[in-house]
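J.: Sharing a structure below in structure tokens format, with a few things to ask.
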Amino acid sequence: MKEISKRYNPSETEPKWLVFWEKEGIYKFSPKNKGDVFSIDTPPPTVSGKMHIGHAYSYTHEDFVARYQKMRGKNVLFPFGTDDNGLPTERLVEKLKKVRASKMKRQDFIDLCNETLKEITPDFVADWKKIGMSCDFSKIYSTIDDNCRRVSQKFFIDLYKKQKVYRQEAPVVWCPHCQTAIAQAELEDKEAETFFNDIVFKLPNKKNLVIATTRPELLSSCVAVFVHPGDKRYKKLIGQKAQVPIFQNRVEIMADKKVDMKKGSGAVMCCTFGDKTDVEWFKEYKLPLAVSLDKAGLMTEKAKKYAGLSAKDARSKIIEDLKKKNLLIGQKKIAHTLNIHERCKTEVEILNSEQWYVKVLGEKKKLIGLGEEIKWHPEFMRTRLENWIKGLNWDWCISRQRFFGIPFPVWYCAKCGEVKLADEKDLPIDPLSAKPKGKCEKCGGSKFIPERDVMDTWATSSLSPVLALQLFYKENDVEKMIPMNLRPQAHDIISTWLFYTVVRSNYHFEKIPWSEVMISGHVLDSAGRKMSKSLGNTVEPQKIIENFGADALRFWAAGRTLGQNINFSEEEIQAGKKFLTKLWNATRFVMMNINTRELNNSRIGANYKRIRANLYPTDKWILAELQELVATTTKSFEKYDYSSAKMAMEKFFWIKLADNYIEIVKNRLYDESPKNKKGRESAQYTLYSVLFTLLRLLAPFIPFATEEIYQTFFKSAKDAKSIHLCGWPEADKKLADKKKIKAGKILVEIVAAMRKHKAERGLSMKAELEKVEISCDAKTKIAIQESIDDMKAVGNIKEIKFKKGNKLAIKIS
Ligand SMILES: [Zn+2]
Ligand SMILES: [Zn+2]
Numbered sequence: 002m003k004e005i006s007k008r009y010n011p012s013e014t015e016p017k018w019l020v021f022w023e024k025e026g027i028y029k030f031s032p033k034n035k036g037d038v039f040s041i042d043t044p045p046p047t048v049s050g051k052m053h054i055g056h057a058y059s060y061t062h063e064d065f066v067a068r069y070q071k072m073r074g075k076n077v078l079f080p081f082g083t084d085d086n087g088l089p090t091e092r093l094v095e096k097l098k099k100v101r102a103s104k105m106k107r108q109d110f111i112d113l114c115n116e117t118l119k120e121i122t123p124d125f126v127a128d129w130k131k132i133g134m135s136c137d138f139s140k141i142y143s144t145i146d147d148n149c150r151r152v153s154q155k156f157f158i159d160l161y162k163k164q165k166v167y168r169q170e171a172p173v174v175w176c177p178h179c180q181t182a183i184a185q186a187e188l189e190d191k192e193a194e195t196f197f198n199d200i201v202f203k204l205p206n207k208k209n210l211v212i213a214t215t216r217p218e219l220l221s222s223c224v225a226v227f228v229h230p231g232d233k234r235y236k237k238l239i240g241q242k243a244q245v246p247i248f249q250n251r252v253e254i255m256a257d258k259k260v261d262m263k264k265g266s267g268a269v270m271c272c273t274f275g276d277k278t279d280v281e282w283f284k285e286y287k288l289p290l291a292v293s294l295d296k297a298g299l300m301t302e303k304a305k306k307y308a309g310l311s312a313k314d315a316r317s318k319i320i321e322d323l324k325k326k327n328l329l330i331g332q333k334k335i336a337h338t339l340n341i342h343e344r345c346k347t348e349v350e351i352l353n354s355e356q357w358y359v360k361v362l363g364e365k366k367k368l369i370g371l372g373e374e375i376k377w378h379p380e381f382m383r384t385r386l387e388n389w390i391k392g393l394n395w396d397w398c399i400s401r402q403r404f405f406g407i408p409f410p411v412w413y414c415a416k417c418g419e420v421k422l423a424d425e426k427d428l429p430i431d432p433l434s435a436k437p438k439g440k441c442e443k444c445g446g447s448k449f450i451p452e453r454d455v456m457d458t459w460a461t462s463s464l465s466p467v468l469a470l471q472l473f474y475k476e477n478d479v480e481k482m483i484p485m486n487l488r489p490q491a492h493d494i495i496s497t498w499l500f501y502t503v504v505r506s507n508y509h510f511e512k513i514p515w516s517e518v519m520i521s522g523h524v525l526d527s528a529g530r531k532m533s534k535s536l537g538n539t540v541e542p543q544k545i546i547e548n549f550g551a552d553a554l555r556f557w558a559a560g561r562t563l564g565q566n567i568n569f570s571e572e573e574i575q576a577g578k579k580f581l582t583k584l585w586n587a588t589r590f591v592m593m594n595i596n597t598r599e600l601n602n603s604r605i606g607a608n609y610k611r612i613r614a615n616l617y618p619t620d621k622w623i624l625a626e627l628q629e630l631v632a633t634t635t636k637s638f639e640k641y642d643y644s645s646a647k648m649a650m651e652k653f654f655w656i657k658l659a660d661n662y663i664e665i666v667k668n669r670l671y672d673e674s675p676k677n678k679k680g681r682e683s684a685q686y687t688l689y690s691v692l693f694t695l696l697r698l699l700a701p702f703i704p705f706a707t708e709e710i711y712q713t714f715f716k717s718a719k720d721a722k723s724i725h726l727c728g729w730p731e732a733d734k735k736l737a738d739k740k741k742i743k744a745g746k747i748l749v750e751i752v753a754a755m756r757k758h759k760a761e762r763g764l765s766m767k768a769e770l771e772k773v774e775i776s777c778d779a780k781t782k783i784a785i786q787e788s789i790d791d792m793k794a795v796g797n798i799k800e801i802k803f804k805k806g807n808k809l810a811i812k813i814s
């Protein structure tokens with residue numbers, strides 16, 4: 002046997018196997034490979050420079066599934082891509098290169114983004130390799146590459162032709178900081194304190210009408226006053242006009258049930274636009290547009306003397322002026338919820354502008370139905386999608402007034418405004434630099450204005466099944482591969498990535514994008530708080546890999562069921578490392594006492610049958626336990642319940658195998674005398690077979706360590722190139738034996754009693770015991786008597802006696 006390292010050292014072994022896997026193409030996918038395809042719609046991470054701990058957590062979960070399916074004989078398509086377009090990349094490039102997109106020429110900034118991505122992507126992807134992802138990294142997509150741009154534009158044209166996308170001037174959620182429209186799904190709530198201001202509007206009879214508002218700076222946008230139709234205080238005023246303070250214009254007093262009579266004075270102003278209700282009233286009552294805020298969040302000419310101020314400054318100024326005129330008669334501090342842009346945390350506004358929308362509001366029922374067609378792991382996550390769809394108020398806005406994104410393949414006729422689409426064969430295209438073919442189909446005009454907006458990044462990543470499949474399939478075969486088998490992802494992007502992908506798949510293919518989804522939780526800090534740079538509680542997975550190895554990190558990540566958040570715990574990572582060390586040591590110890598070559602041959606040779614026919618009872622016990630372990634872990638994996646599988650394996654290894662079985666059979670393993678030939682062979686065979694099976698069960702969790710052990714101790718020339726090609730173990734019904742499991746339990750109890758006895762007396766574990774008396778019923782006696790020699794050997798007992806009794810009792814003297 003070659004020289005075998007005493008210590009298991011992940012920092013040496015892990016890089017070695019990464020190189021080996023890549024060189025041997027162990028995870029390469031081809032539609033022609035053997036087995037049914039199992040396809041995974043891997044989330045393309047947003048290039049942000051570095052993988053974070055939340056990534057490491059949820060991606061390893063996907064990898065457990067991929068590796069398990071591969072070992073089950075499936076032809077696993079586990080692709081990889083990066084999500085590179087849109088705002089996140091712009092922000093990253095601005096930060097890394099210390100530039101502002103808005104201060105640069107558009108094309109220069111786009112070039113800088115592309116260059117920067119080229120620089121940082123290889124290192125970024127390397128982090129995913131280092132955690133042991135079994136993706137086929139030989140082909141990677143980037144959501145901004147030529148093919149993705151082409152696919153994205155092609156499917157936009159498909160939406161347009163199917164009349165599922167439209168352009169409209171309408172109120173839209175707007176981020177004044179990013180200066181772009183954003184989608185409902187990009188909003189976050191923020192609790193804040195503000196003032197409810199009681200402001201006096203004058204009625205024609207000079208009486209006061211008190212309006213309660215949190216946004217007095219929008220007075221110049223006020224187009225109506227609303228009261229509840231059932232509010233007796235105001236019934237007579239409905240239809241009359243009220244004068245807006247400061248600006249002096251008069252607006253109608255209208256009635257609508259959306260007004261909350263109990264809030265403030267019960268009379269509110271409708272501004273275009275202060276909030277979502279304003280938009281609804283604007284549409285329902287065809288109210289005029291009065292824009293007081295521009296795209297940068299500054300007051301417009303409409304706001305007269307307040308023009309040019311920020312909304313915040315205008316608010317304090319107006320309050321001051323109202324006070325002077327005695328038109329502010331009350332102020333009450335309240336806590337309320339603001340909508341902020343998730344990416345920059347800026348409070349959003351609602352602005353009227355022309356945007357592209359994908360229709361979703363009319364499809365709610367259909368989309369909820371599609372959500373039900375998909376099998377969810379865990380099932381309760383499905384309601385998140387359902388609630389999201391039910392609560393939608395806007396169609397999906399996909400246009401962004403930004404720079405680094407996929408352009409719309411669209412021009413507008415300069416004469417009549419008609420949309421002119423690009424030819425599919427010319428894609429990908431940038432309408433800013435290319436010209437359309439032919440004349441305007443509506444008016445015959447030949448002058449066109451290019452669309453300057455770009456698509457939101459979700460408009461492309463929602464096509465991820467197509468992007469992934471296209472890496473390996475011809476374009477015409479892609480549709481046949483949908484639905485894919487599995488979409489794994491974290492729960493925070495159910496309302497975006499998951500929802501949008503369902504929308505697109507419905508429109509383009511009229512089916513669900515995948516048959517199953519699995520949803521991972523988040524990583525919190527050790528106190529259960531969200532990790533963030535400002536709290537200083539983030540953990541770098543790269544550091545953990547350096548200190549403990551990727552396997553230890555993965556073993557930790559396997560510790561929670563799907564959908565559960567996990568608190569980071571370095572102790573748990575250390576426990577994983579301890580497990581690896583023990584597994585290495587136990588295997589090393591056993592293999593040094595086994596003639597590996599002989600056993601390798603006997604796996605298929607004549608010896609195998611002879612040994613199996615003469616197995617010792619104690620050996621049959623651990624083999625029966627092993628069959629149970631194979632059966633339960635397989636069942637768990639089929640349900641994506643890898644954490645139960647991990648727990649069962651740990652328990653088997655620490656308690657049954659290492660602490661008991663190996664200790665019990667040690668003497669049979671050491672004794673090379675001819676009279677122990679059968680006993681030794683039986684123990685050797687059993688240990689070999691248990692370890693080899695356990696190794697394969699553990700391979701999805703700890704791919705590096707299991708590969709190292711396999712290559713060092715098990716692999717013969719005829720065997721599979723890698724542990725990951727060895728196949729998943731099947732439970733052997735002939736070895737499953739409930740009676741042996743029961744007997745084994747008693748055996749373990751007796752061993753524990755002897756250990757306790759010796760420990761309490763300060764005796765060595767090897768110390769001889771004169772007599773052990775076991776009281777038990779006749780059945781138990783038969784069951785455990787078979788292992789009497791093993792019991793004697795492990796406890797160094799001279800004599801074991803049985804006594805009749807109803808309850809198991811052990812007396813040691
Ligand atoms: Zn923003
Ligand atoms: Zn025209």
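654 is the number that the working numbering gives to position 653 of the sequence shown; each next residue is one higher, with no gaps.
Just so it is clear, CB atoms sit at the ideal spot from N, CA and C, and this is done for glycine as well.
(1) Taking the alpha helix (DSSP H) that I54 belongs to, which residues open and close that run?
(2) Measuring alpha carbon to alpha carbon, tell me which of V359, V795, M650, F638 ends up nearest K163.
(3) Just to confirm my understanding: we take I450, look at its own chain, exclude 5 residues before and 5 after, and list those with CB closer than 7 angstroms. What are they?
(4) Anything with a beta carbon under 6 angstroms from a heavy atom of ligand 1 counts; list them all in chain order.
(5) For E285, name the three-state secondary structure that DSSP assigns.
(6) Looking at the structure shown, is R681 part of a helix, part of a strand, or coil, going by DSSP?
(7) Is any non-hydrogen atom of ligand 2 found closer than 6 angstroms to the C-beta of E419, if you look at the structure I gave you?
(8) In chain order, what residues of the same chain lie with their CB nearer than 8 angstroms to the CB of P246, ignoring the 5 residues before and after it?
(9) Quick one: Cα of I605 to Cα of P46, how far?
(10) Quick check on F381: buried or exposed, where buried means 16 or more other Cβ atoms within 10 Å of its Cβ?
(11) Between L487, D454, D457, which has its C-alpha nearest L470's C-alpha?
(12) By how many angstroms is the C-alpha of K35 removed from the C-alpha of E476?
(13) Which same chain residues end up closer than 8 angstroms to K305 when comparing Cβ atoms and leaving out the 5 residues on each side of it in sequence?
(14) Write down the C-beta distance between S40 and L93 rounded to the nearest angstrom, noting that I regard them as a contact closer than 8 angstroms.
(15) Along the chain, which unbroken stretches of the alpha helix (DSSP H) at least 4 residues long are found entirely within the region 274-323?
(16) Roughly how many angstroms separate the alpha carbons of L160 and W459, rounded to a whole number?
(17) Looking at C-alpha atoms only, which residue of L726, K772, M456 is the closest neighbour of Q402?
(18) Looking at ligand 2, does it come within less than 6 angstroms of G446, judged from the CB to the closest heavy atom?
(19) Could you spell out where the alpha helix (DSSP H) holding H758 opens and where it closes?
(20) So what's C176 in DSSP terms, helix, strand or just coil?
(21) Put T338 into one of helix, strand or coil per three-state DSSP.
(22) For Q543, which of helix, strand or coil comes out of DSSP?
(23) Taking Cβ to Cβ, would you say N198 is nearer than 7 angstroms to T214?
(24) Thinking L422 and I158 are a contact (beta carbons under 8 angstroms), I'd like their distance in whole angstroms, please.
(25) Which residue marks the beginning of the beta strand (DSSP E) containing I451, and which one marks its end?
(26) Specify whether the region 551-562 and the region 635-647 touch according to this definition: at least 3 beta carbon pairs, one from each stretch, less than 8 angstroms apart.
(27) Find the nearest neighbour of L563 within the set N586, G522, D526, N394, judged by alpha-carbon distance.
(28) Taking the beta strand (DSSP E) that H378 belongs to, which residues open and close that run?
(29) For K743, I'd like the list of residues in its chain whose CB is within less than 8 angstroms of its CB, leaving aside the five on either flank, ordered along the chain.
(30) Cβ of E438 versus every heavy atom of ligand 2: is any distance shorter than 6 angstroms?
(31) Buried or exposed for G372, going by 16 or more other Cβ atoms inside 10 Å?
(32) Should H337 go down as buried or exposed, given a rule of 16 or more other Cβ atoms within 10 Å for buried?
(33) Could you please give me the residues that DSSP links to R488 through a beta bridge?
(34) Can you name the residues that DSSP bridges to G82?
(35) Are there three or more Cβ pairs, one per stretch, closer than 8 angstroms when the region 15-29 is compared with the region 129-148?
(36) Where does I605 sit, in a helix, a strand or coil, going by DSSP?
T.: So, to answer that:
(1) 54-72
(2) Of V359, V795, M650, F638, the smallest CA-CA separation from K163 is found for V359.
(3) The beta carbon of I450 sits closer than 7 angstroms to the beta carbons of W412, Y413, A415 from its chain, once the five residues preceding and following it are set aside; these are given in chain order.
(4) C176, H178, C179, H342, R344, C345, T347
(5) In the three-state reduction of the DSSP assignment, E285 falls in the helix class.
(6) helix
(7) Yes - ligand 2 has a heavy atom lying nearer than 6 angstroms to the Cβ of E419.
(8) I200, V201, F202, K203, L220, L323, K326, L328
(9) The predicted model places I605 with a pLDDT of 45, which falls under 50 and marks its position as unreliable; any figure quoted below should be read in that light. C-alpha separation (whole angstroms): 45 angstroms.
(10) With fewer than 16 Cβ atoms within 10 Å of its Cβ, F381 is classed as exposed.
(11) L487
(12) 22 angstroms
(13) Result list for K305: S221, F248, in chain order.
(14) Going by Cβ atoms, the distance from S40 to L93 rounds to 30 angstroms, so no, they are not a contact pair.
(15) Entirely contained in the region 274-323, the alpha helix (DSSP H) runs reaching 4 residues are, in chain order, 277-285.
(16) 15 angstroms
(17) Of L726, K772, M456, the residue nearest in Cα terms is M456.
(18) yes
(19) 739-761
(20) strand
(21) strand
(22) helix
(23) yes
(24) 6 angstroms
(25) Looking at the sequence provided, one finds Pro at residue 451 rather than Ile. Looking at the DSSP string, the run of the beta strand (DSSP E) that includes P451 is 449-451.
(26) yes
(27) Taking only the C-alpha atoms, the option nearest L563 is G522.
(28) 376-378
(29) A784
(30) In the sequence under discussion, the amino acid at residue 438 is Lys, which differs from the Glu named in the question. No, Cβ of K438 sits at least 6 angstroms from all heavy atoms of ligand 2.
(31) buried
(32) exposed
(33) V518
(34) Y142
(35) Flag = yes, the region 15-29 and the region 129-148 touch.
(36) Confidence is the limiting factor: at I605 the pLDDT is only 45, short of 50, which leaves the residue's position unreliable and the question unanswerable from this model.
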